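Chains as they are written, first to last, in the working numbering: chain A, 607 to 939; chain B, 75 to 370. Don't be surprised by glycine CBs; every beta carbon is placed ideally from N, CA and C. No experiment lies behind these values; they were computed from the predicted model shown. What follows is a single structure, written as structure tokens, with notes after it.
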Amino acid sequence: MTVTFKKVVFCSLCLLILLVLSALSAIYFGPAKISPLEILSIFQQGFGGSTQGVIILSIRLPRIILAGLIGAALAAAGSIFQALLRNPLADPYILGISSGAAVGAISVILLGYAAGGWCIPLFSFIGALLTVLLVFYVARTREKIQTNTLLLAGVIVNSFFSAVIMLLLSISNGHDLQGILYWLMGDLGQADYGKLVLILPYILGGVGVLYLYTPKINLMLLGEDEAGQLGVEVETTKKILYLLASLITGAAVSVCGIIGFVGLIIPHIVRLIWGNDYRLLLPASFLLGGSFLIIADTIARTIISPVELPVGVITAVCGTPFFIYLLRTRKVL
Amino acid sequence: MKRFWALWLVLIIFPVSQSQAKVYIDQLGREMTLGKPPRRIVSLSPGITEILFALGLEHSIAGVTEFSDYPAAAKHKPRVGSYVNLSLETIVSLNPDLIIASADGNRKDDIEKLAGWGLAVYVVNPQNLQQILNTIQDLGRITGQEQQAKTIVADMRRRKQAVTEAVAELSRRRVFVQIESNPLITVGQNTFWDNLISLAGGKNIVSGKATGYPRYNLEDVLLSKPDIILVTSMVPTGKEHQQLAFWMSWKAIPAVRDDRVYVINPDLVDRPGPRIIEGLERLARIIHPEAGFSQP
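Printed below as a string of structure tokens:
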């Protein structure tokens, strides 16, 4: 299957339409029954209206945009990690970013600064960045990064921080424990426009730059030596891929905790449908990941409304059967 | 003939031991035998610790769990782990003659193990204010502090009645409790919070929609229009303004618009002990300031 620029544009357009459709239907669902006509007039009036207006514009809309952005970011980062580590099991969290971010977030919760709104995102982002640098430092041997060393370094750092998380959990009291557990499950309920603006540059900028590297990623998938002979600066490219994908993941995790499964499964779904060409795989994963998380989060917040489920539960429960179906019909990864 | 001797021995000794050892049924229906009044008691939850101190048993407490921080003297008692994560070895090494456990919090297999080793374990399981009063009486009875328990319970009953009478004729204000803001966690039915809010003349907006401590949708808080929002926070942290800041952007909620968002110490409400009556009075003063009952 050859991938032309035309095909990339066409597939991306289709997925963009899917994204817009899922966002539009998501805005209709919620504990408050608001008809599509009312929603339309709310959009015309803008901010500062009735309770219904607040619900649509200040609760549902930022949450849907955030879900789309996070899902897109995680799926794109996951596809990059799968290429970088040449491992189908790779997801954005495999190199320990999530547990590093979690240590940052949990420390803030335990110190009692959790309520401010900004502290948890800030410290989990710092935790994620420190983890990225630590893994990078551990894995680097003579200016080169061996894929297996990187994977091993990531897994080791991950298990170290997981142990720190367990330690913090076991010395925390009941009140904090619940907040920590829910953070670990991932949550999109805290969406506001401030957070969107905060993470948007990291995610759009990161994915944008990564897209420029997709031809090189394609060559590197043939083998690093071959890519080197074809003029790709393999080591530099690997470092850039690693740092950008980590930055995107860190930004995503910092505002909504650890939402699993999206980053693992969406790239595989795209791969099963359209093949392994990253010029298409990256943008398609980005857009499909967005739609997927919007739909999953809509189910999570409405299925036993007004009580909410952790969105990670829905991503796994809905994603797995579809993935198994694809795997059984295509038989190849 | 030897058998006869044994029989005689049993017949002679049995009435004697019968008069000393008493069999008690705990709140889970388990049997527990206790000899003389216990003098080395291990408490397996902060609430139980508070009850034991109130009963005047300070010098009979051999061990308490982590976070037993009230009264201040409880902080100096030996620790036996946190209530979900007990150190059984520490408990046994304290050589207790009575262990008081809580069905809600302590693990069942821990309780069974301790009892299986021949230790006297009494399990309490209070679910509301009335059952807390019963629990104080039960613990007074098994520790030989019946008179003390009666005094405490009589005082608590009187204060509870003062509250319920003061709010009886007043409209039931709508209350939302925020346990955690990130993510939003509240309290539903079958909790001390729900029970106390209703006794204090309020109505928990989550009641009837969810039980326990659910993760909650912010939209429904806006729709339910609570008159009062209670934010739980350990006092004194000095970080209440951060807790309150979360709500300030939701002016559509009556509680926020009318500046009726309050910080409250959760230990006064969800810790089943004597201080829960203080929690009830505080809630009543917040929900119905116009009722005007005096400070205790």
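- In this structure, residue 149 of chain B and residue 143 of chain B form a Cβ contact; the two beta carbons are roughly 6 Å apart against a cut-off of 8 Å.
- Fully enclosed beta strand (DSSP E) runs of no fewer than 3 residues occupy 195-198, 247-252 of the stretch 192-274 of chain B, in order along the chain.
- Taking the C-beta atoms as reference points, residue 852 of chain A is found nearer than 8 Å to residue 738 of chain A.
- In the three-state scheme derived from DSSP, where H, G and I count as helix and E and B as strand, residue 917 of chain A is classed as helix.
- Shown here, residue 278 of chain B sits in a strand according to DSSP, grouped into three states.
- In the assembly as shown, residue 921 of chain A is a buried residue. Its beta-carbon has 16 or more other beta-carbons within 10 Å.
- Taking C-beta atoms as the reference points, residue 208 of chain B and residue 249 of chain B fail to come closer than 8 Å.
- Counting the other Cβ atoms within 10 Å of the Cβ of residue 286 of chain B gives fewer than 16, which makes it exposed.
- For a cut-off of 8 Å, the C-beta gap from residue 745 of chain A to residue 734 of chain A is around 16 Å, too long to register as a contact.
- Annotation for residue 137 of chain B: the continuous beta strand (DSSP E) segment containing it runs 135-137.
- Cβ atoms of residue 288 of chain B and residue 793 of chain A stay farther apart than 8 Å, at about 13 Å.
- Taking each of B:130, B:280, B:330 in turn and checking the Cα distance to residue 214 of chain B, the smallest one comes out for B:130.
- Spatial neighbours of residue 749 of chain A in its own chain (CB-CB distance under 8 Å, excluding positions within 5 residues in sequence) are listed in chain order as 841.
- Where residue 804 of chain A is concerned, the enclosing alpha helix (DSSP H) starts and stops at 799-818.
- Residue state for residue 634 of chain A is assigned as coil, using DSSP reduced to three classes.
- Judged by their CB atoms, residue 253 of chain B and residue 260 of chain B are nearer to each other than the 8 Å cut-off.
- Nearest to residue 263 of chain B by alpha-carbon distance, out of A:672, A:631, A:620, A:913, is A:913.
- Excluding residues up to 5 positions away in sequence, 670, 900, 904 lie with their Cβ nearer than 6 Å to the Cβ of residue 632 of chain A in the same chain.
- Among the CB atoms of chain A, one or more fall inside 8 Å of the CB of residue 284 of chain B.
- Contact between the stretch 706-713 of chain A and the stretch 689-698 of chain A is not established, with fewer than three Cβ pairs separated by less than 8 Å.
- When DSSP states are grouped into helix, strand and coil, residue 172 of chain B belongs to the strand group.
- For the stretch 171-194 of chain B, residues whose beta-carbon sits nearer than 9 Å to a beta-carbon of chain A comprise 179.
- Within the stretch 653-707 of chain A, the complete alpha helix (DSSP H) runs of at least 4 residues fall at 657-660, 667-690.
- The alpha-carbon separation between residue 188 of chain B and residue 194 of chain B amounts to approximately 8 Å.
- At a cut-off of 4 residues, the continuous stretches assigned as alpha helix (DSSP H) that sit fully inside the stretch 830-918 of chain A are 830-835, 840-862, 868-880, 884-908.
- For residue 907 of chain A, the chain B residues whose Cβ falls inside 9 Å of its Cβ are 291, 293, in order along the chain.
- Counting only the Cα atoms, residue 339 of chain B lies some 37 Å from residue 107 of chain B.
- When Cβ pairs closer than 8 Å are counted between the two stretches, the stretch 668-685 of chain A is seen to touch the stretch 850-867 of chain A, the count reaching three or more.
- With respect to chain A, the C-beta atom of residue 243 of chain B has no partner C-beta closer than 8 Å.
- Shown here for residue 704 of chain A: same chain residues with a beta carbon closer than 7 Å to its own, the five before and five after excluded, namely 859, 864 in chain order.
- Closest by C-alpha distance to residue 836 of chain A, out of A:823, A:648, A:892, A:764, is A:823.
- Under DSSP, residue 155 of chain B shares a beta bridge with B:160.
- In the three-state reduction of the DSSP assignment, residue 108 of chain B falls in the strand class, which pools E and B.
- Distance from the CA atom of residue 774 of chain A to the CA atom of residue 276 of chain B, rounded to whole angstroms, is 37 Å.
- Within chain A, the residues 638, 657, 660, 661, 665 have their CB atoms less than 8 Å from the CB of residue 296 of chain B, given in chain order.
- The residues 860, 861, in chain order, have a CB closer than 6 Å to that of residue 727 of chain A in the same chain once the five nearest residues on each side in sequence are set aside.
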